[in-house]
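When we follow our numbering, the leftmost residue of the sequence shown carries the number 143, and every step to the right adds one. First up is the structure itself, then whatever we jot down about it.
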Amino acid sequence: MYPIFRFVSACIALLGIAFVTGCFDQTVDGDKITMTCSPWVAQVFIGFSIGAFVVAFVLRKRSIGVLIACIGIGLFGFLVLLPAAQLDNIVLDDEHYERNGGFSYFHRVHDEIKFKETKQIEIIQVKKKARRGGTQISYYFVVTGKDGLEPRELPIGDMAKYMVSEIANRARKQGVEFFNSSDLELH
């Protein structure tokens, strides 16, 4: 067996162990809660990229196509996946909810709900047909402001799903009506 396959097998095993430990870290500072991606997520993307470069180096004489594909995969890990993992975060305090995500050099997502300016928040779910006959469920905050403008829909990502109950509690403390019209559980 080639040493590279042992390396790849070890990386897959470590990745499995890392996923069991959880993807997000939560820090609390007074009334402020910050949720970010765990450091191991970035380390996995770095290892993924280095592994792709190593495979490209080992197999460079066999096929130029494999060489180009592995270099492309390695660059994708370094230039796209690693920054995305580092930039995703959620900040929640008694005054507002803020979600930052995306890439610094592509479309950057910045969603914010200021509780003092909000009249109502509703959680809805949207079901879409996925490929091969499956169903994809997406969740959204529908935020109605006190200014009477049209409600806006803010996506609830995987990270925010863990904080929905806390967001609801903090919004209700500020007098915001909070409704859950989805199957997302509030604890």
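A virtual CB, placed ideally from N, CA and C, is assigned to each residue, including glycine.
| query | For Lys271, which of Ile263, Glu264 and Ser280 has the nearest alpha-carbon? | reply | Ser280
| What whole-angstrom Cβ distance do Ala211 and Ala184 have, given they're in contact under 8 Å? | Ala211 to Ala184, Cβ: 23 Å. No contact.
| message | Can you give me the C-alpha to C-alpha distance between Gly219 and Thr178, rounded to a whole angstrom? | response | 19 Å
| request: Let me know the beta strand (DSSP E) ranges lying completely inside the segment 173-234, each 3 residues or longer, listed in chain order. | output: 174-179 and 231-234
| Buried versus exposed, by CB contacts within 10 Å (16 or more), Leu224 | buried
| query | Mind checking Val318: buried by the 16 CB within 10 Å criterion, or exposed? | reply | buried
| message | Please list the terminal residues of the continuous alpha helix (DSSP H) segment that includes Lys303. | response | Asp300 to Lys303
| When you compare each of Ile206, Tyr304, Ser205 and Ile215 to Phe195 by their alpha carbons, which one comes out closest? | Ile215
| said: Let me make sure I understand the geometry here. Which of Gly243, Ile192 and Phe257 has the alpha-carbon closest to that of Gln316? | reply: Phe257
| field | Beta-carbon separation (whole angstroms), Ile265 vs Ser307, contact threshold 8 Å | value | Actually they are not in contact, since the Cβ atoms of Ile265 and Ser307 sit about 11 Å apart, beyond 8 Å.
| From Leu201 to Val208, what distance separates their C-alpha atoms? | 7 Å
| In three-state DSSP terms, what is Val318? | coil
| By DSSP, does Glu327 sit in helix, in strand, or in coil? | coil
| task | For Phe283, write down the residues that DSSP places opposite it in a beta bridge. | result | Ile265 and Leu296
| query | Taking the alpha carbon of Leu229 as the point to measure from, which residue in Asp173, Phe166, Gln262 and Asp235 has its own alpha carbon closest? | reply | Phe166
| query | Whose C-beta lies closer than 6 Å to the C-beta of Asn242 among residues of the same chain, with five residues either side of it excluded? | reply | Asn231 and His252
| task | Determine, using beta carbons only, whether Ala240 and Glu254 come nearer to each other than 7 Å. | result | The sequence as given places Glu at residue 240; Ala does not occur at that position. In this structure, Glu254 lies closer than 7 Å to Glu240 by Cβ.
| request: With a threshold of 16 other CB atoms inside 10 Å of the CB of Phe321, please say whether the residue is buried or exposed. | output: exposed
| request: Note the first and the last residue of the continuous beta strand (DSSP E) segment covering Phe166. | output: Phe166 to Asp171
| Buried versus exposed, by CB contacts within 10 Å (16 or more), Val285 | buried
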